[in-house]
Structures are given as C-alpha cells and as structure tokens.
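> Note that this note's numbering has the sequence shown beginning at 101, numbered continuously upward. Next up is a structure, given as structure tokens.
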Amino acid sequence: MSTSDTQDSISNFGQHIGYSLVEWTESSASIALTIADYHLNSAGIMHGGVLATLIDTACGYTLIHNPDPAKRRRAVTLSLNTQFTASAQSGDKLLATGTLKGGGKHIKFLSCDVKNQHGQLIGHGEAVMKLF
C-alpha cells in the first residue's frame, strides 16, 4: 500500500475526523486516530460516535480492499453493533483494526477492535455490510 493510495482513499469526512489508514490488506484494515479536544463529549472523554465511526470505517475499508483504485467496490453498512469498554482521553492514540469474518457474495460479516497506545481495548464492534 503506497502513501498515495492511503491519501486518495480517505474521504472528506475522514479528513475532518482526522484518522489515517495505516494498514490495508485483503482481510483487514487498520486506521489510526489521535484523540483531540474536538473529539470529546461534555464529560471530557471521547464521544461514542467517534468510536462508532472508527469501527464502521475500519470494517468498510477491510471490505473494499483492492490494490487497483479503479477496481475498488463500494459497501454500505446494514448493521453496526458497538461495545464501549473503556474511555479515551485527549492525546490518546487509537488503532481500529477491522477483520473480515465471512459472508456470501454480497453480504459480509466483520468485526473490529479499537485499542489505545497501551493496548487497552477501548471498544469492539460487529458489522454487517453489503458489497456492491
């Protein structure tokens, strides 16, 4: 995976959130995000929507992998379940790794773990996605 592949693959929304694609293979994808103050909720910890975004995005990238950008397919999320296991603070470095678990021709099942820089599990998710 080249740097230009990762830069070209990040959506405008992804650029706004601030994550980066750090690993992308046929069966997994990892995205990294350093938590900033604008990712925090009113309690001063990372907003749950940020965690859901990381899980959804890592699973989505896993599903659409293709070394040739012209041949990449598209996918939509049909179902996303999230478990919040620990909080994250401003400055924490998170890594979300999505993994393909199985499925048929169009409907796929994926999971994702989000860990901080100490290896602590911050959240886990399961996704069902439709591949086009």
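We treat Cβ as the ideally placed atom computed from N, Cα and C, and that holds for glycine.
1) With a Cβ-Cβ cutoff of 8 Å, do THR182 and ILE155 count as a contact?
2) Buried or exposed, going by whether 16 or more other CB atoms sit within 10 Å of the CB of GLY148?
3) Could you tell me which of GLY202, ILE135 and PHE184 sits nearest to ILE222, measuring between CA atoms?
4) Spatial neighbours of ALA186 within its chain, please: C-beta separation below 7 Å, excluding the five flanking residues on both sides.
5) For SER127, which option in LYS215, LYS193 and PHE209 has the closest C-alpha, if you only look at C-alpha atoms?
6) Looking at the strands, I want to know which residues DSSP matches up with SER236.
7) Could you pull out every residue in the same chain whose Cβ sits closer than 8 Å to the Cβ of ALA175, ignoring the five residues on either side in sequence?
8) Output the boundary residues of the alpha helix (DSSP H) element that contains THR153.
A quick look at the data gives this:
1) On the sequence shown, residue 182 is found 82 positions in, with the first residue counted as 1. On the sequence shown, residue 155 is found 55 positions in, with the first residue counted as 1. Yes, the pair counts as a contact, with Cβ atoms nearer than the cut-off.
2) Here residue 148 corresponds to residue number 48 of the sequence shown, with the count starting at 1. GLY148 should be labelled exposed.
3) As a first step, residue 222 is located in the sequence shown; it is residue number 122 there, counting from the start. Closest by alpha carbon: PHE184.
4) Looking up residue 186 in the sequence shown gives position 86. For ALA186, where only same-chain residues beyond five positions count, the Cβ hits under 7 Å are GLN220, LEU221 and ILE222.
5) Here residue 127 refers to the residue found at position 27 when the sequence shown is read from its first residue. Checking every option, the nearest Cα to that of SER127 belongs to PHE209.
6) Look at the range of the chain in this structure, 101 to 232, and you will see that residue 236 is not part of it.
7) Along the sequence shown, one-based indexing puts residue 175 at 75. These residues qualify, in order along the chain: GLY160, LEU163, ILE164, LYS208, MET229, LYS230, LEU231 and PHE232.
8) As a working mapping, residue 153 is identified with position 53 in the sequence shown. Counting along the chain, the alpha helix (DSSP H) containing THR153 begins and ends at 148-164.
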